[in-house]
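First comes the structure, then the notes that go with it.
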Ligand SMILES: C[S@@+](CC[C@H](N)C(=O)[O-])C[C@H]1O[C@@H](n2cnc3c(N)ncnc32)[C@H](O)[C@@H]1O
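Residue numbers (my numbering): 503 to 816.
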């Protein structure tokens with residue numbers, strides 16, 4: 503996704519070291535290696551060991567592979583003796599199509615699989631734990647916070663009343679039923695104009711709840727924040743950080759953290775002289791996020807929500 507735009511954003515130069523922090527099916531990784539040529543290091547990280555092993559078997563010489571969470575990028579690189587990155591770091595956030603399409607992984611509300619959603623299947627917490635063991639209030643908070651779902655409380659109540667829930671199909675039906683009931687009782691006001699949020703709801707009634715559970719299971723937002731801070735620290739001057747996000751919660755974090763490093767001084771605005779001594783550490787290369795071309799969206803509908811932001815270490 504946004505492949506050409508990522509390669510350009512990373513400004514790939516022969517002889518330098520690059521990191522693909524989200525190897526997935528290896529599409530970006532293979533393209534980076536091709537542009538990098540034989541000279542230059544490439545390191546691939548993914549917390550999904552199954553897909554990482556597949557890519558490592560298919561492209562053994564393309565990169566050094568590390569199984570782990572990108573939030574620990576500095577430690578992972580140090581295990582290879584790498585302390586700074588002089589080329590760039592890429593993160594293409596979210597789930598891969600390999601994960602979405604594999605029923606057994608339980609990511610999709612369109613396929614009936616176990617309630618799993620773990621990107622790293624060595625971790626304990628799964629969607630089943632949250633759905634079947636968490637308190638109603640905790641479930642509602644997750645659905646509201648990570649799914650921005652207005653009907654979070656009703657959905658949580660319905661989930662708890664239907665326990666135990668075993669599959670994504672069951673959960674998807676329960677959520678859809680709850681939303682249709684709520685819409686049925688509200689749906690009389692036909693003149694109400696549709697907000698962006700309403701239009702999003704039209705995609706599938708379980709979209710927001712599944713997104714929320716996935717984010718909670720994989721601690722996605724906390725991982726992303728730590729990854730961005732660590733990445734900025736380990737970049738050498740002139741090296742780039744490129745991040746593709748897929749929803750507003752992720753994009754907000756990327757935008758805010760890049761801005762924070764681009765700003766430098768953190769003294770109160772009314773203070774006449776800077777006393778904090780902080781200087782900008784990043785130059786933002788994308789004043790607006792780069793989005794997919796019409797052709798790419800036509801070829802792959804998921805790319806319509808992708809946003810690429812790039813920063814360069816000062
Ligand atoms: C959208 S896919 C990447 C697709 C990839 N760019 C390609 O060309 O095939 C996202 C990948 O990031 C991985 N991932 C998500 N969060 C992660 C994290 N915190 N640490 C490491 N990998 C993560 C997922 O397991 C998934 O394989």
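No residue lacks a Cβ here, since even glycine has one placed at the ideal position from N, Cα and C.
Beta bridge pairing from DSSP links residue 737 with 587. Remark: C-beta atoms of residue 523 and residue 567 do not approach each other more closely than 7 Å.
Looking at the backbone, the Cα of residue 752 and that of residue 712 are separated by about 16 Å. Residue 549 has its CB nearer than 6 Å to a heavy atom of ligand 1. For residue 786, same chain residues with a beta-carbon under 6 Å away, outside a window of 5 residues either side, are 760, 764 and 813 in chain order.
Fully enclosed alpha helix (DSSP H) runs of no fewer than 4 residues occupy 505-512 and 529-538 of the stretch 505-551, in order along the chain.
Annotated as proximal: residue 569 and residue 551, with beta-carbon spacing under 7 Å. Of the candidates 681, 609 and 519, 519 places its Cα closest to the Cα of residue 584. Taking each of 749, 806, 729 and 782 in turn and checking the Cα distance to residue 578, the smallest one comes out for 729. Boundaries of the beta strand (DSSP E) harbouring residue 811: 809-815, taken from the DSSP string. Contact between the stretch 732-740 and the stretch 657-667 is absent: fewer than three C-beta pairs spanning the two stretches fall below 8 Å. For residue 530, the shortest C-beta to heavy atom distance toward ligand 1 is below 6 Å.
Residue 594 carries a strand assignment under DSSP once its states are collapsed to helix, strand and coil. Apart from the 5 residues on each side of it in sequence, residue 807 sits with its Cβ closer than 7 Å to the Cβ of 748 and 749 in its chain, given in chain order. The beta carbon of residue 655 sits closer than 6 Å to the beta carbons of 642 from its chain, once the five residues preceding and following it are set aside; these are given in chain order.
Setting aside the 5 residues that flank it on each side, residue 769 is surrounded in the same chain by 776, 777 and 778, each with a C-beta closer than 7 Å to its C-beta; the list follows chain order. With a cutoff of 6 Å, residue 628 does not count as near ligand 1, since its C-beta is closer than that to no heavy atom of the ligand. Residue 582 and residue 543 have their C-alpha atoms roughly 11 Å apart. Taking C-beta atoms under 8 Å as the contact rule, residue 565 and residue 546 qualify, at a distance of about 4 Å. Between the alpha carbons of residue 674 and residue 660 lies a gap of roughly 12 Å. When the five nearest sequence neighbours on each side are left out, the beta carbons in the same chain lying within less than 7 Å of the beta carbon of residue 535 are those of 544, 564 and 565, in order along the chain. In this model, residue 648 and residue 714 are separated by some 4 Å (Cα to Cα). If you look at residue 667, you'll find it isn't in any alpha helix (DSSP H); DSSP assigns it neither H nor E. In this structure, the CA atom of residue 657 is about 18 Å from the CA atom of residue 609. At least one heavy atom of ligand 1 falls within 6 Å of the beta-carbon of residue 596. The three-state reading of DSSP puts residue 742 in strand, counting E and B together. The beta carbon of residue 723 is closer than 8 Å to those of 648, 717, 751, 752 and 755 in its chain, skipping five residues each way along the sequence. The continuous alpha helix (DSSP H) containing residue 648 extends over residues 638-649.
For residue 524, the Cβ falls inside the 6 Å cut-off from some heavy atom of ligand 1. The closest heavy atom of ligand 1 lies 6 Å or more from the beta carbon of residue 567.
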